[in-house]
Amino acid sequence: MVGMLLDHGADVNAVDNDGDTALHITLMKEHVLQRNMGLMPGLDSLFGARKSNASFVAVSRCLLSYGADVLKANDSGKTPLDKCRGSEVEPLVRKIAACGGSRDQKFRRDGAN
Numbered sequence: 001m002v003g004m005l006l007d008h009g010a011d012v013n014a015v016d017n018d019g020d021t022a023l024h025i026t027l028m029k030e031h032v033l034q035r036n037m038g039l040m041p042g043l044d045s046l047f048g049a050r051k052s053n054a055s056f057v058a059v060s061r062c063l064l065s066y067g068a069d070v071l072k073a074n075d076s077g078k079t080p081l082d083k084c085r086g087s088e089v090e091p092l093v094r095k096i097a098a099c100g101g102s103r104d105q106k107f108r109r110d111g112a113n
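Position one of the sequence shown corresponds to residue 1 (the UniProt record's numbering), numbered consecutively onward.
In structure tokens:
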């Protein structure tokens, strides 16, 4: 669904009232879910949290493949790079940040280079 919206012109770096992009929000939700799973070991099987975590990772990868800016600060001064600590996509976010903050759209959309 995210890819379809972006294919039809949605702005991958659009912000909400707090200055958060979709990448900020997705990384925050992934982080909260990972933290809660650590506090409640049975949560993943009870609520299917592993699947939800995979969904956040997939959305993050999709946003990155469409050029989401990992250095775009929100109103609190936090970037997706700041929010990615501990995320499954952290290595990819750090690599993109080292190259200037936004992935060139000619890269493959599956997160591979």
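Idealized CB from N, CA, C, for every residue including glycine.
- Here the alpha carbon of I96 sits roughly 18 angstroms from the alpha carbon of F56.
- Annotated as proximal: T26 and V59, with beta-carbon spacing under 9 angstroms.
- The beta carbon of G3 sits closer than 6 angstroms to the beta carbons of C62 from its chain, once the five residues preceding and following it are set aside; these are given in chain order.
- In the three-state reduction of the DSSP assignment, A14 falls in the coil class.
- The beta carbon of L6 sits closer than 7 angstroms to the beta carbons of V12 and Y66 from its chain, once the five residues preceding and following it are set aside; these are given in chain order.
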